[in-house]
Amino acid sequence: MANREKFLVSQSKNIFVKGARENNLNNLTVSIPRGKLVGVTGVSGSGKSSLVFDVIAAEGHRKYVESLSTKARQALEKVSKPDVDYVEGLSPVLSIEQLSARSAGPRSTVATATEIADYARLLWATAGIPHCPKDGSPVTRRSLDLCVEELMNQGSGTGKAPWWQVDV
Numbered sequence: 000m001a002n003r004e005k006f007l008v009s010q011s012k013n014i015f016v017k018g019a020r021e022n023n024l025n026n027l028t029v030s031i032p033r034g035k036l037v038g039v040t041g042v043s044g045s046g047k048s049s050l051v052f053d054v055i056a057a058e059g060h061r062k063y064v065e066s067l068s069t070k071a072r073q074a075l076e077k078v079s080k081p082d083v084d085y086v087e088g089l090s091p092v093l094s095i096e097q098l099s100a101r102s103a104g105p106r107s108t109v110a111t112a113t114e115i116a117d118y119a120r121l122l123w124a125t126a127g128i129p130h131c132p133k134d135g136s137p138v139t140r141r142s143l144d145l146c147v148e149e150l151m152n153q154g155s156g157t158g159k160a161p162w163w164q165v166d167v
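Here the sequence shown stands for residues 0 to 167, where the numbers follow numbering that gives the first Met the number 0.
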């Protein structure tokens with residue numbers, strides 16, 4: 000139980016990093032607002048990735064692993080503490096590896112980059128309830144005969160009938 004207390008979700012409004020010295024960070028101290036979309040910018044080699052991945056994400060991952068039982072920790076690789084005085088205000092962390100534009104592709108999304116798109120699609124297909132785009136009502140299963148009957152009645156009284164080409 001004591002291990003789990005180490006990783007309680009913080010009530011702080013900021014993530015506070017003090018004394019980060021990973022790679023080219025030189026005793027960096029920074030406060031980052033939580034619950035906001037935050038961009039970390041700077042010139043090449045200024046330590047953006049070191050701050051985000053090597054300090055914040057690494058410390059979040061380390062604290063998560065510490066919160067697991069001893070048996071669960073044995074199955075995982077030992078996570079070393081980043082070179083930082085302390086990081087406070089962290090929630091559980093999910094970091095996504097940086098991909099080059101060539102390897103990710105122009106149509107890549109967070110879901111495709113993290114390879115969860117297929118699982119999300121499966122979840123929504125099995126647990127989701129489809130709704131009609133016209134009126135928002137839930138879509139129900141219908142027999143083939145009922146579908147054909149509804150299609151044939153769509154154009155009745157208008158002089159129009161639904162037609163479609165079937166390639167055999």
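Backbone N, C-alpha and C define an ideal beta-carbon position, used for all residues, glycine too.
Query                                                                                                          : Result
Alpha carbon of Val39 to alpha carbon of Thr139, nearest angstrom                                              : 47 Å
As assigned by DSSP and simplified to three states, the class of Val29                                         : strand
Pro91 versus Gly59: straight-line alpha-carbon distance, rounded                                               : 6 Å
Beta-carbon spacing of Glu76, Asp53 below 8 Å                                                                  : no
Straight-line gap, Pro32 to Val16 (C-alpha atoms, nearest Å)                                                   : 11 Å
Contact set for Gly41: own chain, Cβ-Cβ below 8 Å, skip 5 residues either direction                            : Lys47
Sequence ranges, beta strand (DSSP E) only - wholly within the stretch 16-97, length at least 3                : 27-32, 85-87
Rounded straight-line distance, which links the Cα of Glu149 to that of Ile14                                  : 58 Å
Nearest-angstrom Cβ-Cβ length linking Ile128 and Val86, presumed shorter than 8 Å                              : Their Cβ separation, rounded to whole angstroms, is 41 Å, which puts Ile128 and Val86 out of contact at 8 Å.
Own chain partners of Leu24 with C-beta closer than 6 Å, once the 5 adjacent residues on each side are dropped : Gly46, Ser49
Element boundaries [alpha helix (DSSP H), containing Arg120]                                                   : 116-126
Reference Ser30, options Gly88, Asp84, Ser43, closest by Cα                                                    : Gly88
Straight-line Cα distance separating Pro137 from Val78                                                         : 48 Å
Buried or exposed by the 16-neighbour rule on C-beta atoms within 10 Å, applied to Pro81                       : buried
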